[in-house]
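Using UniProt numbering, the first residue of the sequence shown is number 1, and each one after it goes up by one.
Glycine included, every Cβ here is placed at the ideal spot set by N, Cα and C.
For clarity, every value in this text was computed on a predicted model and none was experimentally measured.
Heads up, the thing below is written out as structure tokens.
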Amino acid sequence: MRNVDSLSYQGKIVWNRISSELCFSYDNRGRFILDSMFMINAANEIFVRYLLGVLNSNISRHWIRQNAATLGEGIYGAKIYIEKLPIPKITESNQTLCDEIMALVDRILEVKAKDSTTDTSELESKIDKLVYNLYNLTKEEIQNIKAINKCL
1 MRNVDSLSYQ GKIVWNRISS ELCFSYDNRG RFILDSMFMI NAANEIFVRY
51 LLGVLNSNIS RHWIRQNAAT LGEGIYGAKI YIEKLPIPKI TESNQTLCDE
101 IMALVDRILE VKAKDSTTDT SELESKIDKL VYNLYNLTKE EIQNIKAINK
151 CL
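So, in structure tokens, the structure goes:
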């Protein structure tokens, strides 16, 4: 039997398997998760903060609803669906956008660590705008995504 204290720990992104709205959370404390959840291990702490911002954005919610299996009113957020989400690579040309997303994610994590009930919708809205830019969406495409998300 292995001593779990001797295992090196990396952060991870976790989410429920089935939910009406998938919410991706960051764990950097080494918590064990139940088998009712999925996770992505963080091989790179910088990338995981970027990924967390993109996964929790309006465009990702829209894509997941369109591509993941549904169970009644819920979404089956299996890892096979999440892994197919087209995540833009961090490049020289989008580095500034990615840095801004990560800074906002850091701010949300900081605020939520102090009080998990704090309203961070303004920060989340800023991330959404940055992610729309990251995907080079037109105003019309953004309005369509917002309208569809509002109806659900």
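In the structure shown, Tyr-81 adopts helical secondary structure according to DSSP, grouped into three states.
A Cβ-Cβ distance of about 19 Å is found for the pair Leu-85 and Leu-104, leaving them out of contact under the 8 Å criterion. Counting along the chain, the unbroken alpha helix (DSSP H) around Ala-113 starts and ends at 95-114. Three or more Cβ pairs closer than 8 Å define a contact, and the segment 12-28 meets that threshold against the segment 36-56. Shown here for Ser-36: same chain residues with a beta carbon closer than 7 Å to its own, the five before and five after excluded, namely Asn-16 and Arg-17 in chain order. Between Leu-97 and Leu-130, the CB-CB gap stays under 7 Å. For Thr-70, DSSP records a beta bridge to Ile-75. Under the DSSP assignment, Asp-27 falls in the beta strand (DSSP E) whose first and last residues are 25-27. A straight line joining the alpha-carbon of Glu-83 with that of Arg-61 spans about 14 Å. Here the alpha carbon of Arg-29 sits roughly 9 Å from the alpha carbon of Lys-12.
For Ile-40, the uninterrupted beta strand (DSSP E) segment begins and ends at 37-41. Inclusion of Leu-134 and Pro-88 in the CB contact set at 7 Å is warranted, their separation being smaller than that value. Phe-47 and Glu-73 have their alpha carbons spaced roughly 32 Å apart. Rounded to the nearest angstrom, the gap between the Cα atoms of Ala-68 and Gly-77 is 6 Å. Apart from sequence neighbours up to five positions away, the residues of its chain that approach Ile-64 with a beta-carbon distance below 8 Å are Leu-22, Ile-75, Gly-77, Tyr-81, Ile-82 and Leu-85, ordered along the chain.
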